[in-house]
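4 protein chains.
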Amino acid sequence: MTVHRKLRMGMVGGGPGAFIGPVHRIAAELDGRIELVAGAFSQSAKRSCEAGESYRIDPNRAYRDYQAMMEAERKRPDAIDFVAIVTPNHLHLPVARAALEAGFPVMSDKPATATYAEAVELEGAVAKAGLPYGLTHTYAGYALVREARAICASGQLGRVRKVVVEYLQGWLSRALEATGQKQAAWRADPALNGPGGCIGDIGVHAFHLMEYVTGLDTTGLNATLRTVVPGRRVDDDCTALLALENGASAVLLASQVAAGEGNGLRLRVYGESGSLDWRQEDPNRLRLKWLEGAEEIRHAAGPYLSDDARAVTRLPGGHPEGYLEAFAVLYREFADALMAWKQGEKPALPPTLPGIRAGVRGMKFIDRAIFSNQSKSWVDF
Amino acid sequence: MTVHRKLRMGMVGGGPGAFIGPVHRIAAELDGRIELVAGAFSQSAKRSCEAGESYRIDPNRAYRDYQAMMEAERKRPDAIDFVAIVTPNHLHLPVARAALEAGFPVMSDKPATATYAEAVELEGAVAKAGLPYGLTHTYAGYALVREARAICASGQLGRVRKVVVEYLQGWLSRALEATGQKQAAWRADPALNGPGGCIGDIGVHAFHLMEYVTGLDTTGLNATLRTVVPGRRVDDDCTALLALENGASAVLLASQVAAGEGNGLRLRVYGESGSLDWRQEDPNRLRLKWLEGAEEIRHAAGPYLSDDARAVTRLPGGHPEGYLEAFAVLYREFADALMAWKQGEKPALPPTLPGIRAGVRGMKFIDRAIFSNQSKSWVDF
Amino acid sequence: MTVHRKLRMGMVGGGPGAFIGPVHRIAAELDGRIELVAGAFSQSAKRSCEAGESYRIDPNRAYRDYQAMMEAERKRPDAIDFVAIVTPNHLHLPVARAALEAGFPVMSDKPATATYAEAVELEGAVAKAGLPYGLTHTYAGYALVREARAICASGQLGRVRKVVVEYLQGWLSRALEATGQKQAAWRADPALNGPGGCIGDIGVHAFHLMEYVTGLDTTGLNATLRTVVPGRRVDDDCTALLALENGASAVLLASQVAAGEGNGLRLRVYGESGSLDWRQEDPNRLRLKWLEGAEEIRHAAGPYLSDDARAVTRLPGGHPEGYLEAFAVLYREFADALMAWKQGEKPALPPTLPGIRAGVRGMKFIDRAIFSNQSKSWVDF
Amino acid sequence: MTVHRKLRMGMVGGGPGAFIGPVHRIAAELDGRIELVAGAFSQSAKRSCEAGESYRIDPNRAYRDYQAMMEAERKRPDAIDFVAIVTPNHLHLPVARAALEAGFPVMSDKPATATYAEAVELEGAVAKAGLPYGLTHTYAGYALVREARAICASGQLGRVRKVVVEYLQGWLSRALEATGQKQAAWRADPALNGPGGCIGDIGVHAFHLMEYVTGLDTTGLNATLRTVVPGRRVDDDCTALLALENGASAVLLASQVAAGEGNGLRLRVYGESGSLDWRQEDPNRLRLKWLEGAEEIRHAAGPYLSDDARAVTRLPGGHPEGYLEAFAVLYREFADALMAWKQGEKPALPPTLPGIRAGVRGMKFIDRAIFSNQSKSWVDF
């Protein structure tokens, strides 16, 4: 029997001033499968309450902290079905662990944890709990990223030889964290964010996208992390060379001091006979260049797209879908996995939805990059 | 006192196979102010019921027809707050009239009605009811369309001299209506769609966008409507010259047989000292070209944007918003207007939200274009 | 026997302050087949002499007028092989006639003459002389225009249904002719330019490009010409609907008051199964969109291009060629035709090189457009 | 007194099958200041003769080798004014040395020599001869590269923090050199090309462009060179991190196995308050992004451009200039320098024209990159 009610989500984090909390709310609800019904939105009970009001949820379900939420929700007949984690990074592990222990599946913002050691710990906790755990590497939700992944898997490009992935932002070109801007402040504080700055905030997205699309694991890297803005406590500009398992080489550029850039995530994959090029700021097109044929642009909703890409397209061609829609794809896949699990299946996520493995690899990437930078040399992965 | 609950929406139309119904559901709910709770989704009670299930609403609120919905909902303590109309065009007037007579505000898909005469009748009904009536000319919801409108109003371009608006699609390049494709079938049937084909389906969007952005009313036009695909019963390719109230001239191209095009709506406005260029398929950029300075690209969420544009941006720069987000802007403005009206204010829509005036002008455009085409001459508007 | 010397060119017009004269010099010489050796560059003997110096030709071959040039050159053993005409339009006919009568082939800047009647006269003179006559509709020299032409001829797009050609410039947005700017002054003077302003200066290029690429003749048109800038004596903004011989319809937009535009010539051709899109400001790419397949971008020098396109490409892929190179293609074809004629062949131009037929049709277009505008109706072509 | 005759060029290299020889011929002659009159086009006398014929020069001036050319030309009253070197790299030094010793100024294709040691030797020879020596780093001739250079010099971007320069080609994705293709063959032979493959062929262009535009010298680098195509004897894919004198960091990517790429040279420079972005395949636009203002696109021939950029623009806005025109800019500057030198001035090249210093730095870059790659570490520059 199909459950026709919406799944109920409890959110931790996402209180006043947050950017990513409301994004999770929209994304979770967009496809009509999930509704936000409870939350511990802030470490201040008062602000959590205000947030609950702004989300228009039952005031009784805006909790003073995540422990209280889990405690109370467990007992309700209409309990939340899972927990979404949207806090600063240092809380990802404790909240996820508490949720899993309380029997709640988890959908977590990235990175999985604040440190690599924590990620390994969390991996154990997920395995032990046997519950679905999803990680919102948003960019994996774009239809044309799915298409790019399908193309790599199909072998159309020939063996992959070279990858260039860049993630360039400019918003931290000045010491914004010194002005009290909330988004900048926690990111620039190693205690809240973990040891990586730019590498952890966006480098890890670029890393994930690269492995996700190519299907290739990294086996070594040589990274240089710089802190360009005086006084900043974390890196804000990173370059890494990566060796991939098939002998290919990747270059990863991540910067938050690339003045003028918005959210410039771009992936290029070069194979023996052709290449692909995807840009997050123009997400509904995928460019393919061939050694011998004309350049091709595949458009979202094109009838010629792979099943994986078409499965996540909502609108006809020429109707742009964006960041929120990509985010919502992950929630939709999570909802499907959750329904299957509720009906007795093992909590296997679909291969298109990032989970704890991606989380551990991402944290390992940060860890290895910092180590490589310190030792000024190549390191194994 | 602010009402913190979500507004309740009842939908007419949007049953199985519909494209625009689910779009309205997403758009209405996206900003967390509205929830779909009831509907008469199909003219078949069984299919209406199925649709209700897919929308995950209370089975008791999936009605067999719109009359039943209005009748029943009026009596509920948790009645719907307004009616969304997403049926084929010929039902827009009867449903809207019934809703207004039952005291429900209306949010209608475009065009307002099937004929100009109906639009005039509806205008009277709206005035008489004194209730909010919104029209989802989606493209008016894009942040950079708002920016373009603010630029025209500011006089930065100088007096407007020339406008080029084009809306090119290719999906009706073949006689799709003869294959039973639902979207094509009703659009190609004058009894369901009204007398205009392409001119009514997309030409009216182009017309609205042009007047909306420039702030200029049309005073005359000379239109040529063609039916390119053999056997089709309505026009599928249109060209119109328009005279604008300030003496400027506009060219409007609309086609559904422009093979290879997706949803190519584009507006260019040329003034004395510069011009603007907006393309729906690349909606987060607005191009400005100046007689003497460098070309400019304004990006969604740019700190330099007008208040009107920034008011409808949800994400930081570089995070693409698309069609659904633009649609949701209209619902958000409608929700605000509804709240104000509930609190005793007159039902004045904000000038940025298309309402019955836009609906009447759009229907008049179709009517005049058909007449001009028949008489092969300029006609007054 | 192949003649290995360069062909010798005598130029009429192109004196100090001219734009197009130096362009012809570069274009003619670019491929190493032609050299400028003589000229009557100005109606002032002194300025003609100065121009000769700037072109670094023999001072004895900088003539005081074109009659003197033809008279003197006929007698030289190293006489010029042909005459290039780059004067204002009103001199095109007399110079061409004089050259043909003196036995010199002609390469003329467009339009062929100042009026349609003159063009018909010139057509007779060309036929009578039996000499090569070429017309520099520059845009026909671009490799990807050649590709577009080959695609239309091949039937890949299916039957052509709709054409949109636009040529938008902004440089006459102000009354530049009133400031003494030479380029603007003669173009705004009907005595020098002929009766058409924008329609004759650039509209005719758009018209030619449309017929050249589609291979379809125009059979009727409905044009509106406007004079937007107060005090201007010729039209500066034009819109025309054209009926094509196969039943297709074309829209032609030309404007010189499109503030902010540079040299925005663009052609879109829509067939039953796909469309092509070429833009002069991005000339090394040709976009193809298909009803069912992915969008394609063909690049100059692509190994997949047609013979016609590859024949006029000089550089490997990714090395941009531009306006001068396109211009030079026409001179190269003219040089080849001239060599063939010198070796006894009839002066048949290759079909890719515009000649007197294109000249007559262009002038007829201007004539018909002016008449249609005056009569506010469709006219036959 | 100004010399009004054209300067006479003698070319070494550029025989049948050559790509760059004809390019130099066109570029040299394009602006009407120079003419090719002599050459030693091939190491085969017969082929040199054939080449002379194809260039339409006096058969007596197509020499069997460069020594013969210099010997003979010295004695002519109409001797060549300078020597252009377009041979494979291993001949650059001997030909340049011979020319300088014979009193002929030199315009050389890049790289200056085959090895760094040779470059140092050549630097001495240039200094000793006291003659003009130019190096055709073509990309320095584009108007918008000049604009980019002027912007960096002006400080508008603030202090430069990060540079990304990439030069991606795909044409060597297969072992083309094994097929006998001439262009591939000599480039893949260290004896003809020097020790660097991709790094020397195109990496050096990217390196030059970076230093040329930013005005910053490199002080250290860490390079990785790979040979991707099996059996190839030189590198075909390179990545380098560079430390710049002001503390900024640059990333340089060069590849000839980036399947599908044409001639993808692109430079991005990030400063404290904005950035610039120039792409060789779209050379008439320069993109500027600002931390706080709208993105800007500067167009070739824009009235707002710097003097340096406007000085090298030949056509009005919207008329694309390309690779040949950029190349011709260097020859024009060289011609001006040559005229000044002939009139007694010291042979100072303008700072915008690459000369022997750029040649030495380029060869040092290759040398240091190879050493860094071997030692797998940062090296001083």
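Chains as they are written, first to last, in the working numbering: chain A, 77 to 457; chain Z, 77 to 457; chain V, 77 to 457; chain F, 77 to 457. Note that the Cβ used here is the ideal one computed from N, Cα and C, for glycine as well.
- Message: From the DSSP secondary-structure annotation, give me the bridge partner or partners of Z/Glu371.
- Response: F/Ile373
- Task: Could you tell me whether the Cβ of V/Gly459 comes closer than 8 Å to any Cβ of chain F?
- Result: Because chain V here runs from 77 to 457, residue 459 of chain V falls outside it and cannot be looked at.
- Message: Taking the straight line between their C-alpha atoms, what separation do you get for A/Ala175 and A/Arg363?
- Response: 41 Å
- Item | Under 8 Å from the C-beta of Z/Asn165: neighbouring residues of chain A | Those within 8 Å of Z/Asn165 in chain A number zero; the least Cβ separation is about 19 Å.
- F/Arg109 versus F/Arg408, F/Met146, F/Arg437, F/Asp277, residue with shortest Cα-Cα distance: F/Arg408
- Task: Find out if the Cβ-Cβ distance for the pair Z/Thr212, Z/Leu414 is shorter than 8 Å.
- Result: no
- Message: So with CB distances below 7 Å, who are the chain D contacts of Z/Glu371?
- Response: Absent from the structure: chain D. Protein chains present are A, Z, V and F.
- Given Z/Asn449, which residues of its chain have a CB within under 7 Å of its CB, disregarding the five upstream and five downstream residues? Ala299, Thr300, Leu301
- Message: So if I threshold CB-CB distances at 7 Å, which residues from the stretch 332-344 of chain F count as touching chain A?
- Response: Val333, Ala334, Ala335, Gly336, Glu337
- Task: Decide if A/Ser331 is buried, meaning its Cβ has at least 16 other Cβ atoms within 10 Å, or exposed.
- Result: buried
- Task: For A/Glu223, go through chain Z and note every residue whose CB falls closer than 8 Å to its CB, in chain order.
- Result: None at all; the shortest Cβ gap to chain Z is about 16 Å.
- Query: Of the residues A/Leu328, A/Ser351, A/Gly340, which one's Cα is nearest the Cα of F/Ser338?
  - Reply: According to the sequence displayed, residue 338 of chain F carries Gly and not Ser. When each option's Cα is compared against that of F/Gly338, the closest is A/Ser351.
- Touch check for the stretch 432-450 of chain A and the stretch 247-256 of chain A: three-plus C-beta pairs under 8 Å? no
- Start and end of the beta strand (DSSP E) containing V/Ser448? First-last for V/Ser448: 432-451, but that is the alpha helix (DSSP H), not the beta strand (DSSP E).
- Considering only the beta carbon of each residue, do V/Pro430 and V/His284 sit closer than 8 Å? yes
- Positions along the stretch 353-385 of chain F whose CB lies within less than 7 Å of some CB in chain Z: Glu368, Gly369, Ala370, Glu371, Glu372, Ile373, Arg374, His375, Gly378, Pro379, Tyr380
- If we cut at 8 Å on Cβ distances, does V/Arg250 have a partner in chain A? no
- Task: Could you tell me whether the stretch 180-196 of chain Z touches the stretch 273-282 of chain Z, using the rule of 3 or more Cβ pairs below 8 Å?
- Result: yes
- Message: Quick check for students: name the residue ranges of the beta strand (DSSP E) that lie wholly in the stretch 152-224 of chain Z, counting only runs of 3 or more.
- Response: 158-161, 182-184, 209-211
- Query: What is the rounded straight-line gap between the Cα of V/Asn322 and the Cα of V/Leu292?
  - Reply: 7 Å
- Backbone CA spacing between Z/Ala445 and V/Gly86 [nearest angstrom]: 55 Å
- Per-residue burial, Z/Asp443 [other beta carbons within 10 Å of its own, 16 or more giving buried]: buried
- Per DSSP, what kind of secondary structure is F/Ala334 in: helix, strand or coil? coil
- Rounded C-alpha distance that separates F/Glu147 from F/Glu126: 21 Å
- Message: Check whether chain Z comes within 8 Å of A/Leu220, counting only Cβ atoms and requiring the distance to be less than that.
- Response: no
- Is the CB of Z/Met77 under 8 Å away from at least one CB in chain V? Here the model assigns Z/Met77 a pLDDT of 38, short of 50, so the residue's position is not dependable and the matter cannot be decided.
- Task: Rank A/Tyr218, A/Val236, A/Gly272 by C-alpha distance to the C-alpha of F/Val304 and give the top, closest one.
- Result: A/Val236
- Is F/His284 close to chain V, meaning its C-beta is less than 8 Å from at least one C-beta of that chain? no
- Of all Cβ atoms in chain F, is any one closer than 8 Å to the Cβ of V/Lys204? no
- Task: Have a look at Z/Gly231 and Z/Lys365 and give me their C-alpha separation to the nearest angstrom.
- Result: 14 Å
- beta strand (DSSP E) segments (min. 3 residues) lying fully within the stretch 298-356 of chain Z: 313-320, 325-331, 340-347, 350-355
- Go to V/Ala385, then tell me how far its alpha helix (DSSP H) extends in each direction, as first and last residue. 383-386
- Item | 8 Å Cβ cut-off: residues of chain Z touching A/Glu401 | Gly398, Leu400
- Task: Along the beta strand (DSSP E) that carries V/Arg235, what are the first and last residues, could you check?
- Result: Looking at the DSSP string, V/Arg235 is not in any beta strand (DSSP E), and its letter there is neither H nor E.
- According to DSSP, is Z/Ile102 helix, strand or coil? helix
- Excluding five sequence neighbours on each side, which residues of the same chain lie with their C-beta closer than 6 Å to the C-beta of A/Ala226? Ser382, Asp384
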